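Numbering (the UniProt record's numbering), first residue to last: 1 to 291. For every residue, glycine included, the Cβ atom is placed at its ideal position computed from N, Cα and C. Bear in mind that the values here come from a model prediction, so they are computed numbers and not experimental data. Just below is one structure, and these are the notes that go with it.
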Amino acid sequence: MVREQYTTATGGAPVERPENQSVYKIGVYGWRKRCLYLLVLLLLVLLLVNLALAVWILRVMWFSPAGMGHLHVTSDGLRLEGESEFLFPLYAKEIRSRVDSSLLLQSTQNVTVSARDADGEVTGRLKVGPRMVEVQSPQFQINSKDGRPLFTADEKDVVVGTDKLRVTGPEGALFEHSVETPLVRPDPLQDLRLESPTRSLSMDAPKGIHIKAQAGEMEAVSQMDIVLCSSDGALVLDAETVRLPTLAQGTPGPAGSSQGLYEICVCPDGKLYLSVAGVGTTCHESSHVCL
Numbered sequence: 001m002v003r004e005q006y007t008t009a010t011g012g013a014p015v016e017r018p019e020n021q022s023v024y025k026i027g028v029y030g031w032r033k034r035c036l037y038l039l040v041l042l043l044l045v046l047l048l049v050n051l052a053l054a055v056w057i058l059r060v061m062w063f064s065p066a067g068m069g070h071l072h073v074t075s076d077g078l079r080l081e082g083e084s085e086f087l088f089p090l091y092a093k094e095i096r097s098r099v100d101s102s103l104l105l106q107s108t109q110n111v112t113v114s115a116r117d118a119d120g121e122v123t124g125r126l127k128v129g130p131r132m133v134e135v136q137s138p139q140f141q142i143n144s145k146d147g148r149p150l151f152t153a154d155e156k157d158v159v160v161g162t163d164k165l166r167v168t169g170p171e172g173a174l175f176e177h178s179v180e181t182p183l184v185r186p187d188p189l190q191d192l193r194l195e196s197p198t199r200s201l202s203m204d205a206p207k208g209i210h211i212k213a214q215a216g217e218m219e220a221v222s223q224m225d226i227v228l229c230s231s232d233g234a235l236v237l238d239a240e241t242v243r244l245p246t247l248a249q250g251t252p253g254p255a256g257s258s259q260g261l262y263e264i265c266v267c268p269d270g271k272l273y274l275s276v277a278g279v280g281t282t283c284h285e286s287s288h289v290c291l
């Protein structure tokens with residue numbers, strides 16, 4: 001509290017103070033002062049709480065000069081240790097695992113890897129789902145360690161670059177259209193079957209077809225006709241014994257006249273039949289078989 005007093009001085013005369021003196025108070029007093037102190041205290045508490053929360057977040061998230069938690073910033077990019085969960089798409093130029101561990105991508109629904117061009121359009125996509133693996137790309141190719149193509153697929157054809165294509169299914173391989181291959185053979189001690197249940201089976205080759213069974217029999221069964229055709233050459237049956245057990249037999253001759261010998265005759269339509277052998281041909285005598 002400051003009192004202001006106004007006095008006048010004249011030469012040697014006594015000075016009388018005025019009766020009514022004015023008193024002015026400077027500062028904050030009363031309830032305003034208490035509210036001000038309370039506000040300052042509240043701001044101080046908020047500052048301490050924010051500081052504690054910042055320290056707690058830094059502690060929980062493992063912030064360090066090298067990164068955050070298992071995520072470390074290196075000169076080559078980002079290095080992530082342990083398991084991590086991404087809630088939104090991840091954009092990266094390259095993802096690779098450590099030298100001593102494998103890379104695992106896991107999801108409860110599916111895992112989708114997409115490649116985009118400069119305009120943001122998808123040029124290739126790999127989608128691994130719970131029931132199917134889907135690849136969307138102009139060409140799908142699998143290479144060996146040395147870079148040699150092992151399997152290539154596009155809109156026009158499928159190329160298998162291995163030395164041997166093995167089909168291990170019990171029902172074999174099913175082809176809806178033509179198959180072009182230089183060699184077809186089964187596993188050792190297994191039979192090779194070429195079968196068409198409801199249609200015809202055709203084998204064509206410009207320089208010949210070689211069918212070889214080194215340790216077994218060769219059997220051709222058909223409900224209709226079996227046609228062996230050679231456009232420029234002869235049909236050769238090279239075997240120790242050639243049997244035609246169900247050929248039609250012409251009119252038999254007198255008993256003991258042929259001594260069990262027959263000759264094979266051919267009808268104009270290509271049908272074969274047997275005729276009793278004689279001194280000359282006897283095919284005309286059994287020509288009624290052709291009718």
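Run through DSSP, which three-state label would residue i get?
i, result
"Glu285", "helix"
"Leu47", "helix"
"Tyr91", "coil"
"Tyr29", "coil"
"Pro182", "coil"
"Arg59", "helix"
"Ala66", "coil"
"Leu194", "coil"
"Ala115", "strand"
"Val40", "helix"
"Ala215", "coil"
"Leu53", "helix"
"Arg166", "coil"
"Arg34", "helix"
I'd like the list of long-range same chain contacts for residue i, defined as Cβ closer than 7 Å, with 5 residues on each side in sequence excluded.
i, result
"Leu194", "Leu201"
"Leu150", "Ile142, Asn143, Ser144, Gly161, Thr162"
"Arg67", "A small correction: the amino acid at residue 67 is Gly; Arg does not occupy that position in the sequence shown. If we look at Gly67 and ignore the five residues flanking it on each side, its Cβ neighbours are Val73."
"Leu228", "Leu235"
"Trp62", "Met68, Gly69"
"Ile211", "Met218"
Distance, Cα to Cα, residue i vs residue j?
i, j, result
"Leu51", "Leu39", "18 Å"
"Ala205", "Val167", "23 Å"
"His72", "Glu94", "16 Å"
"Met1", "Leu41", "Unreliable positioning characterises Met1 in this predicted model, as indicated by a pLDDT of 43, which lies under 50. The coordinate reading is nonetheless provided below. Going from the Cα of Met1 to the Cα of Leu41 covers about 27 Å."
"Pro182", "Thr162", "14 Å"
"Ala220", "Cys267", "23 Å"
"Met224", "Thr241", "25 Å"
"Asp100", "Trp56", "34 Å"
"Asp119", "Pro89", "18 Å"
"Lys218", "Ala115", "In the sequence as presented, Lys is not what sits at residue 218; that position holds Met. Rounded to whole angstroms, Met218 to Ala115 spans 53 Å at the Cα level."
"Leu261", "Val179", "45 Å"
"Ser97", "Arg79", "9 Å"
"Val128", "Thr112", "6 Å"
"residue 315", "Ile226", "Not covered by the structure: residue 315. The range shown for the chain is 1 to 291."
"Asp238", "Asp157", "39 Å"
"Gly250", "Val276", "7 Å"
"Ser84", "Glu121", "28 Å"
"Gln106", "Val45", "45 Å"
"Lys164", "Ser231", "32 Å"
"Cys265", "Ala213", "30 Å"
"Lys271", "Met132", "55 Å"
"Ser64", "Leu58", "8 Å"
"Asp146", "Ala153", "19 Å"
"Glu155", "Leu247", "51 Å"
Can you check which of these residues, the options, is closest to residue i by C-alpha distance?
i, options, result
"Ser222", "Arg243, Thr198, Val179", "Thr198"
"Ala234", "Leu244, Gly208, Arg243", "Gly208"
"Cys283", "Gly270, Glu263, Pro268", "Glu263"
"Thr108", "Thr181, Leu78, Leu87, Arg79", "Leu87"
"residue 323", "Ser101, Glu134, Ser97", "The displayed coordinates of the chain run from 1 to 291. Any statement about residue 323 would go beyond what the structure contains."
"Pro245", "Asp238, Asp225, Leu274", "Leu274"
"Glu81", "Val60, Leu103, Pro89", "Leu103"
"His177", "Glu171, Lys164, Met203, Gly169", "Met203"
"Phe140", "Tyr91, Val159, Ala248", "Val159"
"Ser196", "Gly216, Asp187, Leu174", "Leu174"
"Ala92", "Lys164, Leu46, Ala213, Gly77", "Gly77"
"Pro188", "Ala215, Gly169, Glu171", "Ala215"
What are the start and end residues of the beta strand (DSSP E) that includes residue i?
i, result
"Ile264", "262-266"
"residue 296", "A question about residue 296 goes unanswered here, because the residues of the chain that appear run from 1 up to 291."
"Phe151", "149-154"
"Leu274", "272-276"
"Gly124", "122-128"
"residue 319", "No information on residue 319 is available, as it lies outside the stretch 1 to 291 that the chain covers here."
"Val242", "Counting along the chain, Val242 falls outside any beta strand (DSSP E), and DSSP gives it neither H nor E."
"Phe140", "139-143"
"Val135", "133-136"
"Val159", "158-160"
"Leu78", "77-80"
Only counting the same chain, and skipping five residues up and downstream in sequence, which positions put a Cβ closer than 6 Å to that of residue i?
i, result
"Gln136", "Arg125"
"Thr281", "none"
"Tyr6", "Residue confidence for Tyr6 is low, a pLDDT of 47 falling below 50, so the modelled location carries little weight; the figure read from the coordinates is stated next. None."
"Val49", "none"
Excluding the 5 residues flanking residue i on each side, which residues of the same chain have their C-beta closer than 8 Å to its C-beta?
i, result
"Asp269", "Cys290"
"Arg185", "Leu192"
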